[in-house]
Amino acid sequence: MTAEALLARWPTAAPKAELVHGVLVFAGDFDERDVEAARRTYPGRRPVLNADGGLEVHPAGTGDPTPLVSKATGRSGQEDGT
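Below you can see the structure in the form of structure tokens.
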């Protein structure tokens, strides 16, 4: 891996990060490599890719987290209380 590739990867390449309903949301174009990096960076948390290509790091819990931005609605499931 080159220095340029390393600097272009998560989290230094995230143009925006927010905390939404207790979930860290990183805007950008992420993939499974970034999910693995998030697992190592946030042990016990549950990272997942969302429909916008962003990375979400959900609090600890059981099962797979549901992304706040889903493919079906294109918006946050938290908006309608689900």
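Quick note, in my numbering, the sequence shown goes up one by one and the last residue is 1543. A virtual CB, placed ideally from N, CA and C, is assigned to each residue, including glycine.
* Who are the Cβ neighbours of Glu1540 in its own chain at under 7 Å, not counting the five residues just before and after it? -> The residue you call residue 1540 lines up with position 79 of the sequence shown. The predicted model places Glu1540 with a pLDDT of 47, which falls under 50 and marks its position as unreliable; any figure quoted below should be read in that light. Excluding sequence neighbours, Glu1540 sits near nothing in its chain.
Answer with buried or exposed for Leu1516, where buried requires no fewer than 16 other C-beta atoms within 10 angstroms of its C-beta.
In the sequence shown, residue 1516 corresponds to position 55, counting from 1. Buried: at least 16 other Cβ atoms inside 10 Å.
**Asked** Is it true that the CB of Lys1477 sits closer than 9 Å to the CB of Phe1487?
**Response** One-based indexing of the sequence shown puts residue 1487 at position 26. One-based indexing of the sequence shown puts residue 1477 at position 16. Yes, the pair counts as a contact, with Cβ atoms nearer than the cut-off.
When burial is assigned at 16 or more other CB atoms within 10 Å of the CB, is Ala1499 buried or exposed?
For this step, residue 1499 is matched to residue 38 along the sequence shown. That one is buried.
What would DSSP say about Ala1521, mapped onto helix, strand or coil? Start at 1 with the first residue of the sequence shown, and residue 1521 comes out as number 60. The answer is coil: DSSP assigns Ala1521 none of H, G, I, E or B.
query = The alpha helix (DSSP H) spanning Val1496 covers which residue range?
reply = Stepping through the sequence shown from its first residue, residue 1496 is reached at position 35. Unbroken alpha helix (DSSP H) run through Val1496: Glu1493 to Thr1502.
Classify Arg1507: buried if its beta carbon has 16 or more other beta carbons within 10 angstroms, exposed otherwise. Numbered from its first residue, the sequence shown carries residue 1507 at position 46. Arg1507 is buried by the Cβ-count criterion.
Proximity to Gly1514 [Cα-Cα], best of Gly1483, Glu1465, Gly1489 and His1482:
Against the sequence shown, residue 1514 aligns to sequence position 53. Among Gly1483, Glu1465, Gly1489 and His1482, the Cα nearest to that of Gly1514 belongs to Gly1489.
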